[in-house]
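So the sequence shown is numbered by the numbering used here: it starts at 717 and just counts up by one.
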Amino acid sequence: GRTLHSGSPVSARVTYDKAKALLGDRIFITPYVSAADAKALARAKGVITTLGGAQSAALAAAARVPAIDLPQAQWTETSGIVLSLPVFASSRSGGFQEAVSWKRTPIREGTALRMDPASGAVELPGPD
């Protein structure tokens, strides 16, 4: 289930490396977290899991870190997770935009991401 949604929206670069998560200012992406990851969680700006479940949710809550579980994400050996991210039609009205298609997007080490645990959304920030 989609049990792991907690915390406020956060934007940061991602890491798959627990040592880099320990340095702080990163969103830590991992299949799941365990008690051995507690220090990395406490330093991370957020955590994204794919097999998170109740234990990951409890550990993220204890660390007070925003967390999302994405069971639909696919892992690859070469580039980490691959997400299906929405592609929106250009909207002149500035109102609600509907996704017109989905694009499979690998999320590589160091990619800038925005995660919103309340909605479960993960986005690549657009060019400013």
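For glycine and all other residues, C-beta sits at the position ideal for the given N, C-alpha and C.
Nearest-angstrom Cα separation, counted from alanine 752 out to alanine 805: Each residue's alpha carbon lies about 43 Å from the other.
Of the residues Thr746, Ala758 and Arg759, the one placed nearest glycine 769, counting alpha carbons only: It is Thr746.
Collapsed DSSP secondary structure at serine 795 in the structure displayed: DSSP places serine 795 in coil when its eight states are reduced to three.
Coarse secondary structure for arginine 830, derived from DSSP in three states: Of the three classes helix, strand and coil, the one that applies to arginine 830 here is strand, per DSSP.
Beta bridge counterpart(s) of arginine 742 as assigned by DSSP: BP columns for arginine 742 point to Arg729.
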